[in-house]
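Residue numbers (my numbering): 930 to 1117.
Ideal Cβ positions, reconstructed from N, Cα and C, are used throughout, including at glycine.
These numbers come from a predicted model, not from an experiment.
Data first, discussion second: the structure below is written as C-alpha coordinates.
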(Lines of atoms letter the chains of each structure in order from A and count residues from 1; the text may use other names and numbers.)
(Lines give C-alpha, C1' and ligand atoms only; values in the text may rest on other atoms or scores of the structure.)
Protein backbone atom coordinates (compact mmCIF):
# COMPACT_ATOMS: atom_id res chain seq x y z
CA UNK A 1 0.00 0.00 0.00
CA UNK A 2 1.23 3.50 -0.75
CA UNK A 3 -0.20 7.01 -0.65
CA UNK A 4 1.42 8.38 -3.78
CA UNK A 5 3.68 7.47 -6.66
CA UNK A 6 5.25 9.42 -9.53
CA UNK A 7 6.74 8.01 -12.71
CA UNK A 8 8.77 9.68 -15.42
CA UNK A 9 7.60 8.40 -18.81
CA UNK A 10 11.03 8.42 -20.43
CA UNK A 11 12.14 5.73 -17.97
CA UNK A 12 9.85 3.25 -19.76
CA UNK A 13 10.37 4.61 -23.29
CA UNK A 14 7.58 7.17 -23.23
CA UNK A 15 8.09 10.83 -24.12
CA UNK A 16 10.46 13.04 -22.13
CA UNK A 17 8.79 15.73 -20.08
CA UNK A 18 5.68 13.66 -19.31
CA UNK A 19 5.00 12.16 -15.93
CA UNK A 20 2.37 10.05 -14.24
CA UNK A 21 1.25 10.82 -10.71
CA UNK A 22 -0.96 8.71 -8.48
CA UNK A 23 -2.31 10.11 -5.22
CA UNK A 24 -4.54 7.92 -3.12
CA UNK A 25 -8.01 9.37 -2.61
CA UNK A 26 -7.47 8.85 1.12
CA UNK A 27 -4.22 10.90 1.16
CA UNK A 28 -4.27 14.52 2.19
CA UNK A 29 -3.10 16.67 -0.69
CA UNK A 30 -2.20 20.35 -0.66
CA UNK A 31 -1.67 21.95 -4.08
CA UNK A 32 1.85 23.18 -4.76
CA UNK A 33 0.54 26.00 -6.94
CA UNK A 34 -2.24 27.88 -5.09
CA UNK A 35 -5.16 28.65 -7.39
CA UNK A 36 -4.39 25.81 -9.81
CA UNK A 37 -7.54 24.39 -11.38
CA UNK A 38 -6.43 21.41 -13.48
CA UNK A 39 -6.68 17.89 -12.10
CA UNK A 40 -8.41 18.89 -8.87
CA UNK A 41 -5.92 21.67 -8.17
CA UNK A 42 -2.84 19.53 -8.69
CA UNK A 43 -1.33 21.67 -11.42
CA UNK A 44 -1.87 24.71 -13.62
CA UNK A 45 -1.68 24.84 -17.40
CA UNK A 46 -2.90 22.94 -20.40
CA UNK A 47 -3.02 19.16 -20.29
CA UNK A 48 -0.67 17.51 -22.81
CA UNK A 49 -3.12 15.00 -24.28
CA UNK A 50 -0.72 13.53 -26.90
CA UNK A 51 1.92 13.14 -24.18
CA UNK A 52 -0.56 11.45 -21.86
CA UNK A 53 -1.62 9.02 -24.59
CA UNK A 54 2.01 8.27 -25.51
CA UNK A 55 2.98 7.75 -21.86
CA UNK A 56 0.01 5.46 -21.26
CA UNK A 57 0.79 3.45 -24.39
CA UNK A 58 4.44 3.11 -23.35
CA UNK A 59 3.42 2.03 -19.83
CA UNK A 60 1.02 -0.57 -21.22
CA UNK A 61 3.72 -1.97 -23.51
CA UNK A 62 6.32 -2.00 -20.73
CA UNK A 63 3.98 -3.97 -18.48
CA UNK A 64 3.12 -6.46 -21.22
CA UNK A 65 6.80 -6.95 -22.11
CA UNK A 66 8.17 -6.79 -18.56
CA UNK A 67 9.19 -10.44 -18.14
CA UNK A 68 10.70 -10.64 -21.62
CA UNK A 69 12.63 -7.38 -21.16
CA UNK A 70 13.94 -8.41 -17.76
CA UNK A 71 15.10 -11.79 -19.08
CA UNK A 72 16.90 -10.08 -21.96
CA UNK A 73 18.60 -7.59 -19.61
CA UNK A 74 19.58 -10.43 -17.25
CA UNK A 75 21.21 -12.29 -20.15
CA UNK A 76 23.24 -9.19 -21.05
CA UNK A 77 24.15 -8.57 -17.40
CA UNK A 78 25.35 -12.17 -17.07
CA UNK A 79 27.46 -11.79 -20.23
CA UNK A 80 29.00 -8.62 -18.79
CA UNK A 81 29.70 -10.42 -15.50
CA UNK A 82 31.45 -13.24 -17.37
CA UNK A 83 33.50 -10.72 -19.36
CA UNK A 84 34.48 -8.76 -16.22
CA UNK A 85 35.59 -11.97 -14.48
CA UNK A 86 38.18 -12.48 -17.25
CA UNK A 87 39.47 -8.89 -17.23
CA UNK A 88 42.26 -7.76 -14.98
CA UNK A 89 41.26 -4.13 -15.46
CA UNK A 90 37.61 -4.14 -14.38
CA UNK A 91 35.52 -5.28 -11.46
CA UNK A 92 31.74 -5.62 -11.58
CA UNK A 93 29.95 -4.13 -8.59
CA UNK A 94 27.43 -6.89 -7.95
CA UNK A 95 24.36 -6.13 -5.86
CA UNK A 96 23.51 -9.80 -5.39
CA UNK A 97 19.90 -10.90 -5.58
CA UNK A 98 18.60 -7.33 -5.36
CA UNK A 99 20.68 -6.22 -8.38
CA UNK A 100 18.68 -4.78 -11.26
CA UNK A 101 19.84 -6.41 -14.50
CA UNK A 102 19.13 -3.16 -16.36
CA UNK A 103 22.01 -1.20 -14.81
CA UNK A 104 25.55 -2.46 -14.29
CA UNK A 105 28.39 -0.72 -12.48
CA UNK A 106 32.05 -1.44 -13.14
CA UNK A 107 35.18 0.01 -11.63
CA UNK A 108 38.41 0.35 -13.58
CA UNK A 109 41.67 -0.64 -11.95
CA UNK A 110 43.58 2.06 -13.81
CA UNK A 111 41.45 4.95 -15.01
CA UNK A 112 38.82 7.39 -13.81
CA UNK A 113 35.40 6.71 -15.26
CA UNK A 114 35.25 10.17 -16.82
CA UNK A 115 38.20 9.34 -19.11
CA UNK A 116 36.67 6.00 -20.11
CA UNK A 117 33.38 7.74 -20.86
CA UNK A 118 35.14 10.23 -23.15
CA UNK A 119 37.01 7.44 -24.96
CA UNK A 120 33.84 5.43 -25.55
CA UNK A 121 31.93 8.54 -26.57
CA UNK A 122 34.36 8.86 -29.50
CA UNK A 123 33.11 5.45 -30.64
CA UNK A 124 29.44 6.45 -30.22
CA UNK A 125 29.06 4.25 -27.15
CA UNK A 126 27.17 5.92 -24.31
CA UNK A 127 28.11 5.07 -20.73
CA UNK A 128 27.76 7.07 -17.53
CA UNK A 129 29.95 7.73 -14.53
CA UNK A 130 29.12 7.79 -10.84
CA UNK A 131 25.45 7.80 -10.00
CA UNK A 132 22.68 9.55 -11.90
CA UNK A 133 21.83 11.78 -8.93
CA UNK A 134 25.36 13.24 -8.99
CA UNK A 135 25.57 14.01 -12.73
CA UNK A 136 27.83 16.96 -13.40
CA UNK A 137 29.40 16.99 -9.93
CA UNK A 138 33.08 16.22 -9.36
CA UNK A 139 32.93 14.72 -5.87
CA UNK A 140 32.38 10.97 -5.55
CA UNK A 141 28.82 9.94 -4.76
CA UNK A 142 28.10 9.56 -1.05
CA UNK A 143 25.96 6.56 -2.01
CA UNK A 144 28.97 4.81 -3.53
CA UNK A 145 31.09 5.69 -0.51
CA UNK A 146 28.36 4.38 1.82
CA UNK A 147 28.38 1.11 -0.15
CA UNK A 148 32.01 0.68 0.83
CA UNK A 149 33.85 2.04 -2.21
CA UNK A 150 36.83 4.24 -1.45
CA UNK A 151 37.08 7.63 -3.20
CA UNK A 152 39.42 6.32 -5.90
CA UNK A 153 37.12 3.41 -6.80
CA UNK A 154 34.09 5.70 -6.77
CA UNK A 155 35.83 7.99 -9.28
CA UNK A 156 36.73 4.98 -11.43
CA UNK A 157 33.15 3.76 -11.61
CA UNK A 158 31.17 3.60 -14.85
CA UNK A 159 27.54 2.62 -15.39
CA UNK A 160 26.09 0.70 -18.31
CA UNK A 161 22.36 0.55 -18.94
CA UNK A 162 20.66 -2.27 -20.81
CA UNK A 163 17.31 -2.13 -22.57
CA UNK A 164 15.19 -4.41 -24.67
CA UNK A 165 16.88 -2.88 -27.74
CA UNK A 166 20.47 -3.57 -26.59
CA UNK A 167 22.01 -6.35 -28.68
CA UNK A 168 24.68 -8.92 -27.85
CA UNK A 169 26.85 -7.33 -30.54
CA UNK A 170 26.53 -3.87 -28.94
CA UNK A 171 27.58 -5.27 -25.57
CA UNK A 172 30.54 -7.03 -27.20
CA UNK A 173 31.57 -3.79 -28.93
CA UNK A 174 31.28 -1.91 -25.64
CA UNK A 175 33.40 -4.46 -23.78
CA UNK A 176 36.07 -4.40 -26.49
CA UNK A 177 36.11 -0.59 -26.46
CA UNK A 178 36.35 -0.53 -22.65
CA UNK A 179 39.23 -2.97 -22.66
CA UNK A 180 41.11 -0.99 -25.35
CA UNK A 181 40.49 2.34 -23.63
CA UNK A 182 41.48 1.04 -20.21
CA UNK A 183 44.77 -0.36 -21.53
CA UNK A 184 45.52 2.78 -23.54
CA UNK A 185 44.80 5.08 -20.60
CA UNK A 186 46.68 2.86 -18.12
CA UNK A 187 49.89 3.43 -20.10
CA UNK A 188 49.75 7.20 -19.45
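Does residue i pass the burial test, meaning 16 or more other C-beta atoms within 10 Å, or should it be called exposed?
i: residue 947; result: buried
i: residue 943; result: buried
i: residue 1044; result: buried
i: residue 1082; result: buried
i: residue 1104; result: buried
i: residue 992; result: exposed
i: residue 1019; result: buried
i: residue 1069; result: buried
i: residue 1072; result: exposed
i: residue 1037; result: buried
i: residue 935; result: exposed
i: residue 1075; result: exposed
i: residue 1058; result: buried
i: residue 1026; result: exposed
Whose CA, out of the options, lies closest to the CA of residue i?
i: residue 1090; options: 954, 974, 931 and 1031; result: 1031
i: residue 955; options: 1027, 1109, 930 and 965; result: 930
i: residue 1111; options: 1047, 1074 and 1068; result: 1047
i: residue 1029; options: 1042, 997, 978 and 1006; result: 1006
i: residue 957; options: 1074, 970 and 1051; result: 970
i: residue 1078; options: 1010, 1114 and 1021; result: 1021
i: residue 1042; options: 935, 962, 949 and 1115; result: 1115
i: residue 1108; options: 1014, 941, 986 and 939; result: 1014
i: residue 1052; options: 1024, 1102 and 1017; result: 1102
i: residue 1080; options: 1050, 1040 and 1049; result: 1040
i: residue 1049; options: 1113, 945, 965 and 964; result: 1113
i: residue 980; options: 960, 945 and 1016; result: 945
Can you tell me the Cβ-Cβ gap for residue i and residue j, rounded? I've got them flagged as a contact below 8 angstroms.
i: residue 1033; j: residue 1088; result: 7 angstroms
i: residue 951; j: residue 937; result: No, residue 951 and residue 937 are not in contact; Cβ-Cβ is about 13 angstroms, not under 8 angstroms.
i: residue 967; j: residue 978; result: Incorrect: roughly 12 angstroms between the Cβ atoms, too far for contact.
i: residue 1011; j: residue 1054; result: About 19 angstroms separates the two Cβ atoms, so there is no contact after all.
i: residue 1009; j: residue 1100; result: 7 angstroms
i: residue 941; j: residue 988; result: 6 angstroms
**Request:** Scan the segment 990 to 1065 and note each continuous alpha helix (DSSP H) run of 4 residues or more that stays entirely inside, going in chain order.
**Result:** DSSP runs (the alpha helix (DSSP H)) wholly in the segment 990 to 1065: 995 to 1014 and 1042 to 1050.
**Message:** Assess contact between the segment 1084 to 1103 and the segment 993 to 1012, defined as three or more Cβ pairs (one per stretch) separated by less than 8 angstroms. Is contact present?
**Reply:** In the pairwise beta carbon analysis, the segment 1084 to 1103 is classified as touching the segment 993 to 1012: at least three pairs are separated by under 8 angstroms.
**Asked** Whole beta strand (DSSP E) runs in the segment 1080 to 1116 with 3 or more residues, listed along the chain?
**Response** Within the segment 1080 to 1116, the complete beta strand (DSSP E) segments at least 3 residues long are 1086 to 1090, listed from N- to C-terminus.
**Item:** Secondary structure, beta strand (DSSP E): runs of 3+ residues fully inside the segment 947 to 993
**Value:** Runs of the beta strand (DSSP E) spanning 3 or more residues and lying entirely within the segment 947 to 993 occur at 948 to 952, in chain order.
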